[in-house]
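Each residue of the sequence shown is one higher than the one before, counting from 235 in the numbering used here.
Heads up, the beta-carbon is just placed ideally off N, CA and C, and yes, glycines get one too.
Scroll down for the structure; my scribbles are underneath it.
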Amino acid sequence: MQLLLNNQINKKQWDDCIQKAADGLIYSTSLYLDHLSPGWVGLTAHDYSWIMPLTRRRKFGIEYLYQPSFLQQSGVFVCDPGIAIPWEKIDQFLKAHYHFWEINLRPGAYGKFKGAQYRKANNFVLHLDREYQDIQTGYSGAFRKNLKRAGNAELIYTEKLDYQSCIRLYHQYYGSRMPHVSGTDYRNFGRLCEYLYQSGGLYCRGVANGSGELMAAILLLADNRRLYNLMNITLQKGKLNQSNHFLFDQLIREFQGSGKILDLEGSDLAGVQQFYEGMGSTNEPYCKIKYNGLPWPIRWLKK
């Protein structure tokens, strides 16, 4: 087992492991981490047969692990399912080097760190390996009813939307709810989007009314397995005509049969959960993990 500083990591071997891992996610690719958590380090086997990204910060001289904005979850990833993850050694190493963590990991990490607090968080996913007619049989009665209302509003599904507009609208409408997300976080995410747009790994879609006025929008990042719902915005007028129901229904129509998974990225909010479940999605929860091994009285201050 080795801890590698960012400039010591073989990014090709790292990304190869994420690609081969059965549960590999875009959030743990070197490109994503380099943009959203500059200076991240890697805990790995010497041959990169398993890897764990560590996103770290320092405050008052104490180094700790944190969860970066726009990076939902991480984990320990293995190149082959037959490889055993050395959880006990990882636990010992992390506690020796980082006395405070607030991180989100894949569900396999649940209960692996002694003395840590765990909470499961919702993450709904919808498999798009079927035709639309098959997928829509999973819609709930409430979702169908709202979709019918949207159908009476003469809404238009559009691809004529850029990522800068999506980020700006998201910040405008939801920024006050997430004061922990800084201006630097938005700029870093914007630079990541610019790169992914150039390489074909980003989609922006919107819904407009008959007058061309935007009602709802979504920014999706993509890898070879998933479409990730990073930003979804419903404007006030869009809430009145169920524009978001129309947006997701059209999105499902567009990507039906693609074999991808639509990763809805949440949510623990009851209304959002009901909306996602209404599409026939399934819950793929992850772990929120908190560990506090700080000395007193700092330990008390971070409860």
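According to the DSSP assignment, V359 belongs to the beta strand (DSSP E) that extends over F358 to H361. Here G440 carries a strand assignment [DSSP, helix/strand/coil].
Only exposed fits S492, as fewer than 16 other CB atoms lie within 10 angstroms of its CB. Within the same chain, Cβ atoms closer than 7 Å to the Cβ of Y420 are found at I401 and H405, the five residues on either side in sequence being excluded. Taking a contact as a CB-CB distance under 8 Å, the pair L360 and G514 counts as one, their CB atoms being some 7 Å apart.
In the DSSP assignment, W274 falls outside any alpha helix (DSSP H) and carries neither an H nor an E. By DSSP's assignment, Q351 forms a beta bridge with K524.
Look at W530 here: in three-state DSSP terms it is coil, with no helix or strand label. In the three-state reduction of the DSSP assignment, D483 falls in the helix class, which pools H, G and I. In the structure shown, the three-state DSSP call for D325 is helix.
Secondary structure of V415 (DSSP, three-state): coil. When rounded, the separation of the alpha-carbon atoms in Y510 and N240 is 37 Å. The three-state secondary structure of P302, taken from DSSP, is coil. Contact between A456 and L481 is absent: CB atoms are separated by about 17 Å, not below the 8 Å threshold. If you check the CB distance, G273 and F377 do not come in under 8 Å.
Residue environment for M465: buried (at least 16 other C-beta atoms within 10 angstroms of its C-beta).
Between M449 and S477 the beta-carbon gap is near 4 Å, inside 8 Å, which marks them as a contact. In the structure shown, I401 falls within a helical segment according to DSSP collapsed to helix, strand and coil. Ranked by Cα distance from S303, the options R290, N380 and D314 are led by R290. If you look at E393, you'll find it isn't in any alpha helix (DSSP H); DSSP assigns it neither H nor E. In the DSSP assignment, L238 forms a beta bridge with G276. Minimum Cα-Cα distance from G500 among the listed residues Q247, F294, K354 and R487 corresponds to K354.
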